[in-house]
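For the sequence shown, UniProt numbering begins at 1 and goes up steadily by one.
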Amino acid sequence: MDADVEASSEIDEILQQIAELDKWREIFNSRGYARAHCCLLLLPSAPCLLNLFLPYRSELTHGYLKGGACAIQMVVQAHIIKYLLFNRSVNSEFTMQSMVMVGENEQKKALAAALSDILWTAGEEQTATVCLVTSERCFTPHMDYKLDNFTERLHIFTFKKKDDVRSFIWEHIQCFKEEGSHGIILFLYSLIFSRTIDRIRADFDSTTTHLLHLSLGNFVCRQALLNLLLTGHATPQVFNGTSLNDEQHKALAQPLHGVLTRSHVGYLLWNREQVNHAQLPLVGSMLKTPRLPIWVCNINGTYSVLFSPNRSLLSDWKMEHLFQLYFYNGHPTQLSTTMLTIDTHSHHWEAENNDIQGDPEKKFPSVEMTIRTKWEGAVIDWNGTVPFF
Numbered sequence: 001m002d003a004d005v006e007a008s009s010e011i012d013e014i015l016q017q018i019a020e021l022d023k024w025r026e027i028f029n030s031r032g033y034a035r036a037h038c039c040l041l042l043l044p045s046a047p048c049l050l051n052l053f054l055p056y057r058s059e060l061t062h063g064y065l066k067g068g069a070c071a072i073q074m075v076v077q078a079h080i081i082k083y084l085l086f087n088r089s090v091n092s093e094f095t096m097q098s099m100v101m102v103g104e105n106e107q108k109k110a111l112a113a114a115l116s117d118i119l120w121t122a123g124e125e126q127t128a129t130v131c132l133v134t135s136e137r138c139f140t141p142h143m144d145y146k147l148d149n150f151t152e153r154l155h156i157f158t159f160k161k162k163d164d165v166r167s168f169i170w171e172h173i174q175c176f177k178e179e180g181s182h183g184i185i186l187f188l189y190s191l192i193f194s195r196t197i198d199r200i201r202a203d204f205d206s207t208t209t210h211l212l213h214l215s216l217g218n219f220v221c222r223q224a225l226l227n228l229l230l231t232g233h234a235t236p237q238v239f240n241g242t243s244l245n246d247e248q249h250k251a252l253a254q255p256l257h258g259v260l261t262r263s264h265v266g267y268l269l270w271n272r273e274q275v276n277h278a279q280l281p282l283v284g285s286m287l288k289t290p291r292l293p294i295w296v297c298n299i300n301g302t303y304s305v306l307f308s309p310n311r312s313l314l315s316d317w318k319m320e321h322l323f324q325l326y327f328y329n330g331h332p333t334q335l336s337t338t339m340l341t342i343d344t345h346s347h348h349w350e351a352e353n354n355d356i357q358g359d360p361e362k363k364f365p366s367v368e369m370t371i372r373t374k375w376e377g378a379v380i381d382w383n384g385t386v387p388f389f
């Protein structure tokens, strides 16, 4: 395996760069406790990336147990689904039923594939970095450095081949999945090193200078971090491309950076409060129409995944007339993945909407309104499940 361990002196310099970027080290305090819209960003003891999969042969063996960094976990979850549905070497078409039979070994392979895919994309498909923690300090702290008993024990491994990244993570999967393994923290460090500090700063625009922000004493993921996880670029906006003008078509002092490429996993956004105040950002087609039919959804500040096992859904317009989507939000009360039937050819929703007095957003589940940001006017059938989100 072709892997290079960075010299201790270089680690010291890189750590100082991290400290400049929103004092990044502060979120790695194992005593920190942060809650973002009912999703824990950091647990009282630094969380493993998973304890993730449910027991083997559970109906949700492709799903993570919720807890830890909700937004980050849901992006990883989406990439796990991507691997299980579209990237495994199988002799026949993979179906939802076969996902129920995913065993423990295949789950670990899926996790390694998901993490390596995200890191490799962040490294512009040229390189990726994986961080592991050891019991020994890797460098001698200087006077301006504040010990946290974690950062100074990091070892950094850089790879030039994607297969090597995946193999390395697979061989060290316990560092990410075991209880107390600091998996979320290690993954975030790996993500930043893979993208590099200079590239992250170049991705930012005048609206964003940090990947996290403090809200009521808690760290919350900014859109730039979500975009970094989804697209490999830490751009702060959800629209397509770069914007040189504001909403009134006046020239901006500095351009705003949106999404430049279509990613494998998409993104949908719905927030009832922002809609009520006409502040909901319009997600561009790069995120709405990904390469594969998988979306991370930010619904009223909580995160979930929508996906279809039909690879052709977004490449054949006829497939979008009537189709199924599966919804997973990681909540402990969700005992199975919920199947929704989407009808984009019927106009029943418009007729029902016209009959409703008042604001339709208050009459329909937020999941439905989220789906309609992609398929406007779609009729959504919960197939006997009581709408719960």
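No residue lacks a Cβ here, since even glycine has one placed at the ideal position from N, Cα and C.
- Assignment of Cys138 by DSSP, reduced to helix, strand and coil, places it in the coil class.
- Residue range 294-299 is occupied by the beta strand (DSSP E) that includes Val296.
- Across the structure, Trp295 and Gly377 are spaced so that their CA atoms are roughly 19 Å apart.
- In this model, Pro255 and Ala278 are separated by some 22 Å (Cα to Cα).
- Per DSSP, Thr344 lies in no beta strand (DSSP E) segment and is marked neither H nor E.
- Rounded to the nearest whole angstrom, the C-alpha separation of Leu186 and Leu115 is 11 Å.
- DSSP places Ile380 inside the beta strand (DSSP E), whose first and last residues are 379-381.
- Under the 10 Å beta carbon count, Ser206 is surrounded by fewer than 16 other beta carbons and is classified as exposed.
- Ser181 carries a coil assignment under DSSP once its states are collapsed to helix, strand and coil.
- Val283 and His155 have their C-alpha atoms some 38 Å from each other.
- Taking all protein chains shown into account, Arg195 has 16 or more neighbouring C-beta atoms within 10 Å of its C-beta and is therefore buried.
- Assignment of Ala234 by DSSP, reduced to helix, strand and coil, places it in the coil class.
- In the assembly as shown, Asp198 is an exposed residue. Its beta-carbon has fewer than 16 other beta-carbons within 10 Å.
- Rounded to whole angstroms, the gap between the alpha carbons of Arg201 and Leu211 is 10 Å.
- Leu226 sits away from Ser263, with the two beta carbons spaced by 9 Å or more.
- Contact check between the stretch 146-161 and the stretch 114-133: three or more CB pairs, one atom from each, fall below 8 Å, which counts as touching.
- In chain order, Glu320, His321, Trp375, Ala378 place their CB closer than 7 Å to the CB of Thr344, counting only its own chain and leaving out the 5 sequence neighbours on each side.
- Distance check between Leu230 and each of Asp144, Val275, Cys297, Trp317 places Cys297 closest, using alpha-carbon atoms only.
- Rounded to the nearest whole angstrom, the CA to CA distance from His331 to Phe193 is 31 Å.
- The Cβ atoms of Val265 and Pro281 lie no closer than 9 Å to each other.
- Under the three-state reduction of DSSP output, Leu256 falls in the strand class.
- The residue among Asp144, Glu104, Arg166 with its C-alpha nearest the C-alpha of Ile118 is Arg166.
- If you look at Ile156, you'll find it isn't in any alpha helix (DSSP H); it sits in the beta strand (DSSP E) that goes 154-159.
- Between the beta-carbon of Thr121 and that of Lys160 there is about 15 Å, and that puts the pair past the 8 Å contact cut.
- The Cβ-Cβ distance between Leu244 and Ala251 falls below 9 Å.
- For Asn240, the secondary structure class from DSSP, reduced to helix, strand or coil, is strand.
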